[in-house]
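Engineer:
Protein chains: 4
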Amino acid sequence: MTDAFWKTSLSAVEKNKILIRGYRVQDLMEHCSFGDVIYLTFTGDLPAGRQGQIIEMILTSSTDHSFLAPSIDATRFVASCGVPLQAAVAAGVIALGDHHGGAIEQCAKLLQDSVRAATTAMEVVRDFRRRKQRVPGVGHPWHTEDPRTIKLIAKAREWDIAGPHLQLAESIAAAVNLPLNIDGVISGIISDIGISWQYGRAFFILPRVVGLAAHTVEEITRERPFRAIDLKDVAYDGPPERDVPRR
Amino acid sequence: MTDAFWKTSLSAVEKNKILIRGYRVQDLMEHCSFGDVIYLTFTGDLPAGRQGQIIEMILTSSTDHSFLAPSIDATRFVASCGVPLQAAVAAGVIALGDHHGGAIEQCAKLLQDSVRAATTAMEVVRDFRRRKQRVPGVGHPWHTEDPRTIKLIAKAREWDIAGPHLQLAESIAAAVNLPLNIDGVISGIISDIGISWQYGRAFFILPRVVGLAAHTVEEITRERPFRAIDLKDVAYDGPPERDVPRR
Amino acid sequence: MTDAFWKTSLSAVEKNKILIRGYRVQDLMEHCSFGDVIYLTFTGDLPAGRQGQIIEMILTSSTDHSFLAPSIDATRFVASCGVPLQAAVAAGVIALGDHHGGAIEQCAKLLQDSVRAATTAMEVVRDFRRRKQRVPGVGHPWHTEDPRTIKLIAKAREWDIAGPHLQLAESIAAAVNLPLNIDGVISGIISDIGISWQYGRAFFILPRVVGLAAHTVEEITRERPFRAIDLKDVAYDGPPERDVPRR
Amino acid sequence: MTDAFWKTSLSAVEKNKILIRGYRVQDLMEHCSFGDVIYLTFTGDLPAGRQGQIIEMILTSSTDHSFLAPSIDATRFVASCGVPLQAAVAAGVIALGDHHGGAIEQCAKLLQDSVRAATTAMEVVRDFRRRKQRVPGVGHPWHTEDPRTIKLIAKAREWDIAGPHLQLAESIAAAVNLPLNIDGVISGIISDIGISWQYGRAFFILPRVVGLAAHTVEEITRERPFRAIDLKDVAYDGPPERDVPRR
Chain A
0 MTDAFWKTSL SAVEKNKILI RGYRVQDLME HCSFGDVIYL TFTGDLPAGR
50 QGQIIEMILT SSTDHSFLAP SIDATRFVAS CGVPLQAAVA AGVIALGDHH
100 GGAIEQCAKL LQDSVRAATT AMEVVRDFRR RKQRVPGVGH PWHTEDPRTI
150 KLIAKAREWD IAGPHLQLAE SIAAAVNLPL NIDGVISGII SDIGISWQYG
200 RAFFILPRVV GLAAHTVEEI TRERPFRAID LKDVAYDGPP ERDVPRR
Chain B
0 MTDAFWKTSL SAVEKNKILI RGYRVQDLME HCSFGDVIYL TFTGDLPAGR
50 QGQIIEMILT SSTDHSFLAP SIDATRFVAS CGVPLQAAVA AGVIALGDHH
100 GGAIEQCAKL LQDSVRAATT AMEVVRDFRR RKQRVPGVGH PWHTEDPRTI
150 KLIAKAREWD IAGPHLQLAE SIAAAVNLPL NIDGVISGII SDIGISWQYG
200 RAFFILPRVV GLAAHTVEEI TRERPFRAID LKDVAYDGPP ERDVPRR
Chain C
0 MTDAFWKTSL SAVEKNKILI RGYRVQDLME HCSFGDVIYL TFTGDLPAGR
50 QGQIIEMILT SSTDHSFLAP SIDATRFVAS CGVPLQAAVA AGVIALGDHH
100 GGAIEQCAKL LQDSVRAATT AMEVVRDFRR RKQRVPGVGH PWHTEDPRTI
150 KLIAKAREWD IAGPHLQLAE SIAAAVNLPL NIDGVISGII SDIGISWQYG
200 RAFFILPRVV GLAAHTVEEI TRERPFRAID LKDVAYDGPP ERDVPRR
Chain D
0 MTDAFWKTSL SAVEKNKILI RGYRVQDLME HCSFGDVIYL TFTGDLPAGR
50 QGQIIEMILT SSTDHSFLAP SIDATRFVAS CGVPLQAAVA AGVIALGDHH
100 GGAIEQCAKL LQDSVRAATT AMEVVRDFRR RKQRVPGVGH PWHTEDPRTI
150 KLIAKAREWD IAGPHLQLAE SIAAAVNLPL NIDGVISGII SDIGISWQYG
200 RAFFILPRVV GLAAHTVEEI TRERPFRAID LKDVAYDGPP ERDVPRR
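These protein sequence lines map, in sequence, to chains A, B, C and D.
Start counting the first sequence at 0; every next residue gets the next number (numbering that gives the first Met the number 0).
Start counting the second sequence at 0; every next residue gets the next number (numbering that gives the first Met the number 0).
Start counting the third sequence at 0; every next residue gets the next number (numbering that gives the first Met the number 0).
Start counting the fourth sequence at 0; every next residue gets the next number (numbering that gives the first Met the number 0).
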């Protein structure tokens, strides 16, 4: 067993049988929502309460942010170049880095570490200030009252899902006098339902694939191939035209 | 309007407002499942019946197929190399090509074209035989009675979702005497609920991201960096060691 | 041997020894140019003449085409999102599809098949016209007298590298009264030096990685994170804001 | 100028003119090696000495490491799935992360920062030990006397390219009693020829694209689609088969 090249606790496949965390896939199809199955995959167990439902709500919050999202723009350019759907989608997925949804990972780790160590919001903020770093999960370039965060927080409360992690996130936001943003709220909620911070960005990647696929199809069906920018939007500030020196 | 560099009918973002196909994102979060939102994004309208539910069932069917899926193996190797989660997931997404889930696109196009043109299963099969090509959507290397296809077909019937496309897919499979596989069943169902074939592979990419993310986290947390194969599994059949000729 | 999971004729690695097509890597480093090694890798043998030199000339021709190339734009957006260098580069590489350098593959296959079958330029053109398809390798949206194609053709002639494939490409261009473009010229030359069409796009991917890496570093070092477009460049033509219907 | 959406000092394109750092592309094709052009692109100037030649030697050192490289394995799996060449190559490029060539970036930064600050090898080692981190650029799982590093160091000396950065790298290796590995040697040399650490991984990505392209073509032409592992290499240690609890 320990010598096998491939080892997993996630799934098992035999002839005519597929098990996800031990459950037969056809039973999950019959009795569970996709949100339940995500919870199962990431935690090892099916949810006892509305965790699957809040996961679906998180997914719905983040499918698309129009061209304001660099992931969408990147996929649009790639989709115009004559590539299969999954390749154009993958290019946009790569963009979901530290500055684009990736803060969910950093913020969820911070919340989970801090709650475990009983660190207060003031201590967290002081620590970031000392290292001259920005606290993750707060502030948004566009939305001052983000309808997504308002709805998620309201439902997490109503469904008794909100716990110490979301509480800490809100206290941190209050301490720096900035609104908790969508990354911060998602971080708080997934931490409160017991999901490891290492899965953090998956909650942004997954729904964004819906938007990336739709933008790919729209680019292919509505636009001409090889998306061409306008030369008037380009400024060159390198060396002027010159001759190659002869050696 | 027509001159704008970026054009879309999918979504709109203003300060504190995000519209998906015209609907406020917070309303979708409150009233719709993630399956409903996928249907909305890909067709332009919210489902009138259980289309969102069958979409969730399709997603649940395809999150993971263990190491038998090259997408999972590729992501495992990449995840071992010290890259962020979204990058490892993207590598696996790229693998979802013509031979790995991509048949959904080809098969859905075939079904939609054929139903529109009133082409029969026998005509479809004859046409493929004449071109010496394999009919997509039939046969599976592993499963003779795939529990996923059985469940999907049963529910599509029970919920009155099954229509002429799934019917044609089943007739084609019968004509070549092979079981309809998971690609074929998904193709039939998404066609029957009115989704364009161009979105076909999205129904495989989307759920597989769940599995790819989970395998990435498992690789990072349970395995050593830089996944190393065993030299005994390698055979070299190129030229023997030789000297560079002097010119 | 035949049972090994991994089989290759390309390279072999033992302790303190790396063989590329049988040659010790340190000998290749000492005696060969990078162009020679590319020729060796793709054909199995070191060049007898100036094939390595014309390959370097091809590479130099295609490192960058500024923001007029969607690959560069895509990588710029991705690079702004906080991802490692190789991830931003990979996003641009994905863009090098059928409409962006990918024609080298199609065109080289056409030339190699046609020369093998002794098909004439007129027959090639007639065949494409009959299928109402565009001949690959001719015409360019920007350059009427592309300095890269002029230089490549001149040197291929001067060095006696030009042969029947480049000749056929030029005849096809003459027959449709369009200039042979950079894809067409590269296709002709790599075919004349004996490289299989299946490697075609590699001659564009490889040099473009230089440009993609440089644009990534420039984006990271000169621009602010999360490249933001201007809302005035966006036009939304989807449904107006509306209420989710209650079911 | 400052308001343009796209800004660059790297290249400029006009009708029938392409400038790379100010030089006409056709002049670079005529008078420079590909190594020279890489040096030009990354530093802004053409090399005065043999910098282009040592760059070509670095590239030749790292095109392929057979299946011992996870990048090659990942691309092999992806290539078997029916995707275009550039997509399979991109999947392997993504793998070139912190544990797979990425150390060049970390090591070059360390060398450049340390030489600038006149930090000694002993101080560098002490600092890493204090932080309980591994020094980058030393030790190799396979090669105790790596033929690539021996050749690179010898030529860098012979050509008077070796300077304080390579010297520091060697002193660090001596201080920890491990051989300087290929990442460490490349880091030292590119630093000594004046290339910023931020381009570090490009010197591994670039040549590896040659190997990734060749392995993609070999997989497609010699192997069956959908690379299938052997079930005996899989060990599942998750929960046993179980029923979905009814709620």
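Glycine residues also receive a C-beta, built at the ideal position from the N, C-alpha and C atoms.
Ends of the beta strand (DSSP E) at S186(B)?
Structural biologist: Residue 186(B) sits at position 187 when you count from the first residue of the second sequence. Premise fails: S186(B) lies in the alpha helix (DSSP H), 181-191, not in any beta strand (DSSP E).
Engineer: Which residues in the same chain have their Cβ closer than 8 Å to the Cβ of E55(A), if we skip the five residues on either side of it in sequence?
Structural biologist: Here the question's residue 55(A) lines up with position 56 in the first sequence. Excluding positions up to five away in sequence, the list reads S32, F33, G34.
Engineer: Work out the CA separation of R125(C) and E144(C) for me, nearest whole Å.
Structural biologist: Looking up residue 144(C) in the third sequence gives position 145. Looking up residue 125(C) in the third sequence gives position 126. So the two alpha carbons sit approximately 26 Å from each other.
Engineer: Compare the C-beta of S65(D) with all C-beta atoms of chain B and state if any pair is closer than 9 Å.
Structural biologist: Residue 65(D) sits at position 66 when you count from the first residue of the fourth sequence. Chain B, which has a Cβ nearer than 9 Å to the Cβ of S65(D), makes this yes.
Engineer: Apart from the five residues on each side of it in sequence, which residues of its chain come closer than 6 Å, Cβ to Cβ, to Q50(D)?
Structural biologist: In the fourth sequence, the residue the question calls residue 50(D) occupies position 51. Closer than 6 Å at Cβ, skipping near neighbours: Y38, I192.
Engineer: Where do the ends of the alpha helix (DSSP H) carrying Y38(B) lie?
Structural biologist: In the second sequence, residue 38(B) corresponds to position 39, counting from 1. Unbroken alpha helix (DSSP H) run through Y38(B): 33-42.
Engineer: Going straight from the alpha carbon of R221(B) to that of W5(A), what length do you get?
Structural biologist: Within the second sequence, numbered from 1, the residue matching residue 221(B) stands at position 222. Within the first sequence, numbered from 1, the residue matching residue 5(A) stands at position 6. Going from the Cα of R221(B) to the Cα of W5(A) covers about 11 Å.
Engineer: DSSP has V233(C) in a bridge; who is on the other side?
Structural biologist: The residue labelled residue 233(C) in the question sits at position 234 within the third sequence. Its beta-bridge partners are W5(B).
Engineer: Grab the span of the alpha helix (DSSP H) containing L84(D) for me, first residue to last.
Structural biologist: Residue numbering aside, residue 84(D) sits at position 85 when the fourth sequence is read from its first letter. Run containing L84(D): 84-93, per the alpha helix (DSSP H) assignment.
Engineer: Roughly how many angstroms separate the alpha carbons of P69(C) and L211(A), rounded to a whole number?
Structural biologist: Locating residue 69(C) in the third sequence gives position 70, where the first residue counts as 1. Locating residue 211(A) in the first sequence gives position 212, where the first residue counts as 1. Each residue's Cα considered, the two are about 17 Å apart.
Engineer: Chain C partners of V243(A), CB-CB under 7 Å?
Structural biologist: Mapped onto the first sequence, residue 243(A) falls at position 244. Residues of chain C passing the Cβ test: none, with the nearest at roughly 11 Å.
Engineer: From S3(C) to V216(D), what does the alpha carbon distance come to, in whole angstroms?
Structural biologist: Your numbering for residue 3(C) matches position 4 in the third sequence. Your numbering for residue 216(D) matches position 217 in the fourth sequence. Note that residue 3(C) is Ala in the sequence shown, not Ser. One C-alpha to the other measures close to 19 Å.
Engineer: For chain A, check one thing: does any of its Cβ atoms lie closer than 9 Å to the Cβ of E122(D)?
Structural biologist: Here residue 122(D) corresponds to residue number 123 of the fourth sequence, with the count starting at 1. With 9 Å as the cut-off, E122(D) does not count as an interface residue toward chain A.
Engineer: Compute the Euclidean distance between the alpha carbons of G136(B) and P146(B), then round it to the nearest angstrom.
Structural biologist: Locating residue 136(B) in the second sequence gives position 137, counting from the first residue. Locating residue 146(B) in the second sequence gives position 147, counting from the first residue. About 16 Å.
Engineer: Quick one: list the residues of chain A neighbouring K16(B), beta-carbon separation under 8 Å, in chain order.
Structural biologist: Here residue 16(B) is taken as the residue at index 17 of the second sequence, counted from 1. Residues of chain A passing the Cβ test: P146.
Engineer: Counting along the chain, where does the beta strand (DSSP E) carrying S10(C) start and finish?
Structural biologist: The residue you call residue 10(C) lines up with position 11 of the third sequence. From DSSP, the beta strand (DSSP E) with S10(C) extends over 10-13.
Engineer: Of all the CB atoms in chain C, is at least one closer than 9 Å to the CB of C106(A)?
Structural biologist: Stepping through the first sequence from its first residue, residue 106(A) is reached at position 107. Not an interface residue.
Engineer: Have a look at the DSSP bridge pairing and note the partners of L18(A).
Structural biologist: Mapped onto the first sequence, residue 18(A) falls at position 19. For L18(A), which the question treats as bridged, DSSP gives the partners A11(A), R23(A).
Engineer: Hey, would you say V208(A) sits closer than 9 Å to I204(B), going by beta carbons?
Structural biologist: For the purposes of this step, residue 208(A) is taken as the residue at position 209 of the first sequence. For the purposes of this step, residue 204(B) is taken as the residue at position 205 of the second sequence. Going by C-beta atoms, V208(A) is nearer than 9 Å to I204(B).
Engineer: Counting only C-beta atoms, is G187(D) closer than 9 Å to chain B at any point?
Structural biologist: For the purposes of this step, residue 187(D) is identified with residue 188 of the fourth sequence, where counting begins at 1. Output row for G187(D): interface = no.
Engineer: Apart from the five residues just before and just after R20(C), which ones in its own chain have a Cβ nearer than 6 Å to its Cβ?
Structural biologist: Locating residue 20(C) in the third sequence gives position 21, where the first residue counts as 1. For R20(C), where only same-chain residues beyond five positions count, the Cβ hits under 6 Å are L39, G43.
Engineer: Under a three-way DSSP split, which group does R200(A) fall into?
Structural biologist: Here residue 200(A) is taken as the residue at index 201 of the first sequence, counted from 1. Here R200(A) sits in coil by DSSP.
Engineer: How big is the Cα-Cα spacing for I188(D) and C80(D)?
Structural biologist: Taking the first residue of the fourth sequence as position 1, residue 188(D) is located at position 189. Taking the first residue of the fourth sequence as position 1, residue 80(D) is located at position 81. Distance between the alpha carbons of I188(D) and C80(D) is about 39 Å.
Engineer: Strictly below 8 Å CB to CB, what residues from chain C border R23(D)?
Structural biologist: One-based indexing of the fourth sequence puts residue 23(D) at position 24. Within 8 Å Cβ-Cβ: P146.
Engineer: Residues of chain B with a CB under 7 Å from the CB of F41(A): which are they?
Structural biologist: One-based indexing of the first sequence puts residue 41(A) at position 42. Ordered by position in chain B, the residues that pass the 7 Å Cβ test against F41(A) are A213.
Engineer: Taking 8 Å as the cut-off, does the segment 80-94 of chain A touch the segment 158-167 of chain A (at least 3 CB pairs, one atom from each stretch)?
Structural biologist: The segment 158-167 of chain A is not in contact with the segment 80-94 of chain A.
Engineer: Hey, is M0(B)'s beta-carbon within less than 9 Å of any beta-carbon in chain A?
Structural biologist: By 1-based counting over the second sequence, the position of residue 0(B) is 1. A caution first: M0(B) carries a pLDDT of 47, below 50, which makes its placement in the model too unreliable to give a value.
Engineer: Name the chain C residues whose beta carbon is nearer than 7 Å to that of F33(D)?
Structural biologist: In the fourth sequence, the residue the question calls residue 33(D) occupies position 34. Ordered by position in chain C, the residues that pass the 7 Å Cβ test against F33(D) are F33, G34, E55, L58, T59.
Engineer: Cβ atoms of R75(A) and R200(A): under 9 Å apart, would you say?
Structural biologist: The residue given as residue 200(A) occupies position 201 in the first sequence. The residue given as residue 75(A) occupies position 76 in the first sequence. Their beta carbons are not under 9 Å apart, which means R200(A) does not touch R75(A) by this criterion.
Engineer: So what's T215(D) in DSSP terms, helix, strand or just coil?
Structural biologist: Counting from one through the fourth sequence, the residue named residue 215(D) turns up at place 216. It is helical.
Engineer: Please list the terminal residues of the continuous alpha helix (DSSP H) segment that includes F76(D).
Structural biologist: By one-based count along the fourth sequence, residue 76(D) stands at place 77. Run containing F76(D): 69-78, per the alpha helix (DSSP H) assignment.
Engineer: Determine the burial state of D242(B): buried for a count of at least 16 other Cβ atoms within 10 Å of its Cβ, exposed for fewer.
Structural biologist: Residue mapping note: residue 242(B) aligns to position 243 of the second sequence, counting from 1. Looking at its Cβ environment, which holds fewer than 16 other Cβ atoms inside 10 Å, D242(B) is exposed.
Engineer: Taking the beta carbon of M0(B) as the centre, do at least 16 other beta carbons fall within 10 Å, making it buried, or is it exposed?
Structural biologist: One-based indexing of the second sequence puts residue 0(B) at position 1. For M0(B), the predicted structure reports a pLDDT of 47, less than 50, and the residue's modelled location is therefore unreliable. The matter cannot be settled from this model.
Engineer: Looking at A94(B): is its Cβ nearer than 9 Å to the Cβ of A73(B)?
Structural biologist: Within the second sequence, numbered from 1, the residue matching residue 94(B) stands at position 95. Within the second sequence, numbered from 1, the residue matching residue 73(B) stands at position 74. Yes, the Cβ-Cβ distance between A94(B) and A73(B) is below 9 Å.
Engineer: Can you check whether the C-beta of R49(C) is within less than 9 Å of a C-beta belonging to chain D?
Structural biologist: As a position in the third sequence, residue 49(C) is number 50, starting the count at 1. Not one chain D Cβ lies under 9 Å of R49(C).
Engineer: Looking at V77(A): is its Cβ nearer than 9 Å to the Cβ of G96(C)?
Structural biologist: Here residue 77(A) refers to the residue found at position 78 of the first sequence. Here residue 96(C) refers to the residue found at position 97 of the third sequence. Result yes, Cβ atoms of V77(A) and G96(C) sit closer than 9 Å.
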